[in-house]
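What follows is a set of notes on a single structure, which appears directly below.
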Amino acid sequence: MTNSPSSSIKKKLILDQLGFLLEEALLEEIYLNSQLKEFKLDDEIIHPGDDLLAIPIVLEGSIKVSRENSAGEELLLYYIEGGDTCAMTLQCCTQKSTSEIRATCMEDAIVLMIPRDMMGIWMNKYKSWREFILQSYHTRMMEMMETIDAIAFMRLDERLLKYLKDQAKLLGTLELQHTHQQIADDLHSSRVVISRLLKQLEVSGTIRMMRNRIFLNEL
DNA sequence: ACATTAAGTGATT
DNA sequence: AATCACTTAATGT
82 MTNSPSSSIK KKLILDQLGF LLEEALLEEI YLNSQLKEFK LDDEIIHPGD DLLAIPIVLE
142 GSIKVSRENS AGEELLLYYI EGGDTCAMTL QCCTQKSTSE IRATCMEDAI VLMIPRDMMG
202 IWMNKYKSWR EFILQSYHTR MMEMMETIDA IAFMRLDERL LKYLKDQAKL LGTLELQHTH
262 QQIADDLHSS RVVISRLLKQ LEVSGTIRMM RNRIFLNEL
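In this text, residue positions in the first sequence follow the numbering used here: the first is 82, and each later residue adds one.
Written out as structure tokens, the structure reads:
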């Protein structure tokens, strides 16, 4: 977490990501009331149990949102990219409760922090804000259904391949710098199992592997 | 050269 | 598919 970039950059980022979605007066209010924050790879933006004082809107980079059980084991729920918000956070903010999820940076990211008090005010004041929030809710819901489907109906090897492809799309590269352990954590599996499945994928010509690196041969 | 961390393997449940 | 108990390989200091 470093200091905010200059305000002209802030203005440009807001316009780039939200300009076409939100009305002008609201954009101005966002600009005035929000705080721009930079995060680095693997920084945690939200921890489970956090009291949320602001909702994040991702302007650049990608964030993964995961659940955590009492043993500290994770399960990846969905991703958030530029111009999107996290539905769970919205709820936490409006209900003034604590976070049920963890949000981690998959790459360096720039995030707009909006004070939670603004939520209610803008909900009443701006139609475009209501639509934005509802739309975001809907998208998150659909994504979560997709991962539920994956967990319930797909075999782990299919899930793994889907995971690799999702990551590649999101990060915009066919060369993933993940350890087998990290992948196992995201999918809530064990390292040994992931290693073996990856080996199969390599033999079948879908990927190539090196230490800390996985190359997808195609999307 | 040694310690640490990532990845591979066979056996067992 | 998970876990155990090692082994081997790659990296950092």
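Virtual Cβ for every residue (Gly too), placed ideally from N, Cα, C.
Among the options, nearest to residue i - alpha-carbon criterion
i           : options               : result
residue 180 : 284, 105 and 172      : 172
residue 94  : 132, 165 and 128      : 165
residue 217 : 139, 278 and 105      : 139
residue 145 : 258, 102, 229 and 182 : 182
residue 239 : 167, 112 and 281      : 281
residue 149 : 208, 122, 199 and 185 : 185
residue 178 : 204, 135, 151 and 212 : 135
residue 114 : 189, 101, 200 and 102 : 200
Segment limits, alpha helix (DSSP H) that includes residue i
i           : result
residue 214 : 208-234
residue 250 : 237-252
residue 272 : 272-284
CB contact flag (residue i, residue j, <8 Å)
i           : j           : result
residue 194 : residue 116 : yes
residue 251 : residue 162 : yes
residue 259 : residue 288 : no
residue 242 : residue 270 : no
residue 191 : residue 125 : no
residue 157 : residue 147 : yes
residue 207 : residue 105 : no
residue 122 : residue 189 : yes
Where the beta strand (DSSP E) containing residue i begins and where it ends
i           : result
residue 152 : It is not in any beta strand (DSSP E) - residue 152 carries neither H nor E in the DSSP assignment.
residue 183 : 183-186
residue 102 : First-last for residue 102: undefined, no H or E at that position.
residue 193 : 190-196
residue 258 : Here residue 258 belongs to no beta strand (DSSP E), and DSSP marks it neither H nor E.
Inter-residue Cα distance where the pair is residue i and residue j
i           : j           : result
residue 92  : residue 112 : 7 Å
residue 108 : residue 268 : 37 Å
residue 187 : residue 244 : 13 Å
residue 129 : residue 167 : 14 Å
residue 232 : residue 88  : 43 Å
residue 212 : residue 225 : 20 Å
residue 137 : residue 265 : 27 Å
residue 261 : residue 255 : 16 Å
Proximity test, residue i beta-carbon vs the ligand NAD heavy atom, cut-off 7 Å
i           : result
residue 234 : For the ligand NAD, the structure offers nothing, since it holds no ligand at all.
Inter-residue CB distance, residue i and residue j (contact presumed, cutoff 8 Å)
i           : j           : result
residue 159 : residue 197 : The pair is not a contact, with the Cβ atoms about 21 Å apart (cut-off 8 Å).
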